[in-house]
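In what follows, a single structure is set out as structure tokens and then discussed.
Structure follows, in structure tokens:
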């Protein structure tokens, strides 16, 4: 459960831009594509070959025991990381890379694309009678050089709405009721 809480919290924090953190602001800076390290450009071509990178930001942080932690800008031990905003037909993404071009996390927004079979099967078994939005988020988290994909979907039944997150095997790892009123 702690692992799930960390994953969901990290996903929300990693892509939020400027945030208050213990009475100090987290600093992110818009940068130009030419200012990105070459390793990140190569990784982008490999990880997102059909996408166009639209915006680039530098984000201060550090790694503690294989986990990325956001910091405010005045920490002397910051590792520089880079958030990239990408687009393609029917698809948007945000990706966070370290300075060596290793993907830390990615959040992809898909429209009208089928979910993996294990996830679709689990939804049918766990939520009979619920309708599924055709849009979903795929969240990829790098934990100790092992990529873990998660799928966040929105389900609706009558006036009830839930945002549910599944791992790649169809195991439900998070659920949030969405207030519709």
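Residue numbers (my numbering): 1 to 181. We put the CB at the ideal spot given by N, CA and C, even for glycine.
request  = Kindly list the residues whose CB is nearer than 7 Å to the CB of residue 119, restricted to its own chain and excluding five residues on each side of it in sequence; keep chain order.
outcome  = Excluding residues within five positions, the ones whose Cβ falls inside 7 Å are 151, 166, 170.
key: Cα-Cα separation between residue 29 and residue 179, rounded to whole angstroms   = CA-to-CA, the gap between residue 29 and residue 179 works out to about 34 Å.
task = Could you tell me which uninterrupted alpha helix (DSSP H) segments, each at least 4 residues in length, are contained entirely in the segment 100–130, listed from first to last along the chain?
result = For the segment 100–130, whole alpha helix (DSSP H) runs of length 4 or above, ordered along the chain, are 117–126.
query = Does the Cβ of residue 122 have 16 or more other Cβ atoms within 10 Å, making it buried, or fewer, making it exposed?
reply = By the neighbour-count criterion, in which a residue is buried when 16 or more other Cβ atoms sit within 10 angstroms of its Cβ, residue 122 is buried.
key: Close-in-space but distant-in-sequence residues of the same chain around residue 50 (CB under 8 Å, 5 per side omitted)   = Once the five neighbours on either side are set aside, the close Cβ partners of residue 50 are 88.
query = What does a CB cutoff of less than 8 Å around residue 147 pick up in its chain, not counting 5 residues either side in sequence?
reply = Once the five neighbours on either side are set aside, the close Cβ partners of residue 147 are 103, 140, 141.
message = If the criterion is Cβ atoms closer than 8 Å, does the pair residue 31 and residue 86 meet it?
response = No, the Cβ-Cβ distance between residue 31 and residue 86 is not below 8 Å.
ask   = Among all the DSSP beta bridges, which residues are the ones paired with residue 139?
value = The beta-bridge partner set that DSSP reports for residue 139 consists of 107, 150.
query = From what residue to what residue does the alpha helix (DSSP H) around residue 46 run?
reply = Element bounds for residue 46: 38–47.
ask   = Using the rule of at least 16 other Cβ atoms within 10 Å of the residue's Cβ for burial, across every protein chain shown, is residue 83 buried or exposed?
value = The residue in question, residue 83, is buried, as its Cβ has 16 or more Cβ neighbours within 10 Å.
message = Quick check: the Cα distance between residue 117 and residue 58, rounded to an integer number of angstroms?
response = Between residue 117 and residue 58, the alpha-carbon positions lie close to 36 Å from each other.
ask   = What is the residue span of the beta strand (DSSP E) that residue 94 lies within?
value = 91–98 is the span of the beta strand (DSSP E), which, as asked, contains residue 94.
key: Burial state of residue 60 (16 or more Cβ within 10 Å)   = The residue in question, residue 60, is buried, as its Cβ has 16 or more Cβ neighbours within 10 Å.
Status (buried if at least 16 other CB within 10 Å, exposed otherwise) for residue 159 = Taking a 10 Å sphere around the C-beta of residue 159, we find fewer than 16 other C-beta atoms and assign the residue as exposed.
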